[in-house]
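Colleague: To convert a position in the sequence shown, counted from 1, into the numbering used here, add 73.
My questions all concern the structure below.
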Amino acid sequence: MTAVLVINSGSSSFKYQLIEMVGETTLARGLVERIGSEDAHVTHEVIENGSTEKFEQTRSIPNHTEGFAVMLGAFTAHGPSLDEHPPVAVGHRVVHGGARFFEPTVVTDLVKINIQDLSELAPLHNPANVDGITAAQESFPDVPHVVVFDTAFHQTLPPAAYTYALDAETAKRYRVRKYGFHGTSHKFVSEEAARFLGRENSDLNQIVLHLGNGASMTAVRGGESVETSMGLTPLEGLVMGTRTGDIDPAVAFHLHRRADIGVAELDDLFNKRSGIYGLSGLKDMRDLTVKANAGDATARAALDVYVHRLKQYLGGYFFQLGRVDTIIFTAGIGENSVDVRAETLAGLENFGVNVDAARNEQRSDSIRVISTDDSPVTVLVVPTNEELEIARQTLSAV
Ligand code: AMP
74 MTAVLVINSG
84 SSSFKYQLIE
94 MVGETTLARG
104 LVERIGSEDA
114 HVTHEVIENG
124 STEKFEQTRS
134 IPNHTEGFAV
144 MLGAFTAHGP
154 SLDEHPPVAV
164 GHRVVHGGAR
174 FFEPTVVTDL
184 VKINIQDLSE
194 LAPLHNPANV
204 DGITAAQESF
214 PDVPHVVVFD
224 TAFHQTLPPA
234 AYTYALDAET
244 AKRYRVRKYG
254 FHGTSHKFVS
264 EEAARFLGRE
274 NSDLNQIVLH
284 LGNGASMTAV
294 RGGESVETSM
304 GLTPLEGLVM
314 GTRTGDIDPA
324 VAFHLHRRAD
334 IGVAELDDLF
344 NKRSGIYGLS
354 GLKDMRDLTV
364 KANAGDATAR
374 AALDVYVHRL
384 KQYLGGYFFQ
394 LGRVDTIIFT
404 AGIGENSVDV
414 RAETLAGLEN
424 FGVNVDAARN
434 EQRSDSIRVI
444 STDDSPVTVL
454 VVPTNEELEI
464 ARQTLSAV
């Protein structure tokens, strides 16, 4: 038995998953939310022989430390027993590793100081990640804790890709460059695709479209990230659920001068009130495609903007890579939206992309090819599993 506990903590919540690494099976998963309130909510799911039993409770949880105690209580009350499946390590997702962290790293006090120091690049995420690590260390003092960074996979970006054409002194002083995110997912699905196709990852040029509520695209050459759409922060790039993605930076100057909108409000506007939601009032891609297909003009226009941006990036990544072997769709929208996949790849036959309409429409939770057998570019849908990738990397580090 070699179990790994994976923790993904936010400022007022954390998710956890206990994974048995021998068969790579999830034994339990859960979510502790609204930490810091009287009515915090705990969901604990026990997975056995493919069926899931769910336990929920609402109670006061003042802080992360108490949250972990409650999680341990859920394991004791509902299973699986941590005595029978003692975690050999705890793996933590950390959003921003800056230019400092490029591989899974065993937590020390110095590592925590460094993650805290990178908070200026991810003020909402990194401090919460450190709080989660500290609380988890109190609950699991005798096993190594490992941090896995969302940015790490993109440490192979060449300078030409990660450098903004900004005054070099200013960029250096404030660590302004492209870092990229969703790295755990991009790495996982590109490796899964290579394995599924029976090809060496080092021989493949792949383009990964991670389309969830947040969305990013990565060009992967021989297993290394060489270009990615998110930047200093996860705001850059594709149109997302509530984020603008690419926008002329002067829009911010303009709104500040003309409408007296301050930095905090601009941050909120660009990150939380824009994207698909800002364009259509809808947050969920399911609702957007249903309305667009029913002839709703606003929904259609929003979907067109979304797809237009995807094509724009796809074209750019084709030229950066020169030759493309696979295009991979993953995450909530990439794995489920027949329409987004079909519209994004429509009309690309001259570039060797031939989608098989019937295969694209087939629903499945498994990895699958949706291009025709003779398509020069193989198009795949690959379910992502960031927790499993964090667990794999955690194990590799200890
Ligand atoms: P994620 O961030 O990976 O959990 O993805 C969340 C997004 O996936 C949401 O915008 C959902 O609308 C979208 N999604 C989930 N299921 C479907 C579906 N069947 N069709 C279209 N979008 C979906």
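Positions of the beta carbon are idealized from the N, C-alpha and C atoms, including for glycine.
Values in this document were obtained by computation on a predicted structure and should not be read as measured data.
I'd like the ranges of any alpha helix (DSSP H) spanning at least 4 consecutive residues and lying wholly in the segment 333–415.
Modeller: Listed in chain order, they are 336–345, 348–353, 358–366, 370–394 and 404–409.
Colleague: Considering only residues of the same chain and omitting the five flanking positions on each side of Phe148, which have a CB-CB separation below 6 Å?
Modeller: These residues qualify, in order along the chain: Leu155.
Colleague: Alpha carbon to alpha carbon, what distance is there between Gly425 and Phe87?
Modeller: Approximately 43 Å, taken between the alpha carbons.
Colleague: Examine the Cβ distances between the segment 396–414 and the segment 276–290 and report whether three or more of them are shorter than 8 Å.
Modeller: The segment 396–414 is in contact with the segment 276–290.
Colleague: Leaving aside the five residues before and after His75 along the sequence, list all residues of the same chain whose C-beta is less than 8 Å from its C-beta, in chain order.
Modeller: With the sequence shown as reference, residue 75 is identified as Thr, and His is not the correct amino acid for it. So the qualifying residues of the chain are Glu93, Met94, Val95, Val161 and Leu468.
Colleague: Could you check whether Leu453 and Thr399 sit closer than 7 Å to each other, using their CB atoms as the reference points?
Modeller: Yes, the pair counts as a contact, with Cβ atoms nearer than the cut-off.
Colleague: Checking 7 Å against the spacing of the C-beta atoms, do Thr138 and Ile120 come in under that value?
Modeller: Going by C-beta atoms, Thr138 is not nearer than 7 Å to Ile120.
Colleague: Please list, in chain order, all residues with a C-beta atom less than 5 Å from at least one heavy atom of the ligand AMP.
Modeller: With the cut-off at 5 Å, the residues found are Gly285, Asn286, Asp357, Met358, Arg359, Ala404, Gly405, Ile406, Asn409 and Ser410.
Colleague: Alpha carbon to alpha carbon, how far is Gly304 from Asp240?
Modeller: Using only the alpha carbons, I get a separation of about 17 Å.
Colleague: Among the residues of its own chain, which have a CB less than 7 Å from the CB of Gly83, if the five just before and after it don't count?
Modeller: So the qualifying residues of the chain are Ala201.
Colleague: Shortest alpha-carbon distance to Phe261 belongs to which of Val471, Thr457 and Ala464?
Modeller: Comparing Cα positions, the closest option is Thr457.
Colleague: For Arg414, which residues from the same chain have a beta carbon less than 6 Å from its beta carbon, with the 5 sequence-adjacent residues on both sides left out?
Modeller: So the list reads Phe402 and Asn433, once near-sequence residues are dropped.
Colleague: Going by DSSP, which residues form a beta bridge with Leu284?
Modeller: Answer is Ala288.
Colleague: At 3 residues or longer, and completely inside the segment 80–120: list those beta strand (DSSP E) runs for me, N to C.
Modeller: You should have 87–93 and 98–106.
Colleague: Would you mind working out which of Phe175, Ala234, Asp204 and Phe392 sits nearest Ile186, comparing C-alpha positions?
Modeller: For the residues Phe175, Ala234, Asp204 and Phe392, the minimum Cα distance to Ile186 belongs to Asp204.
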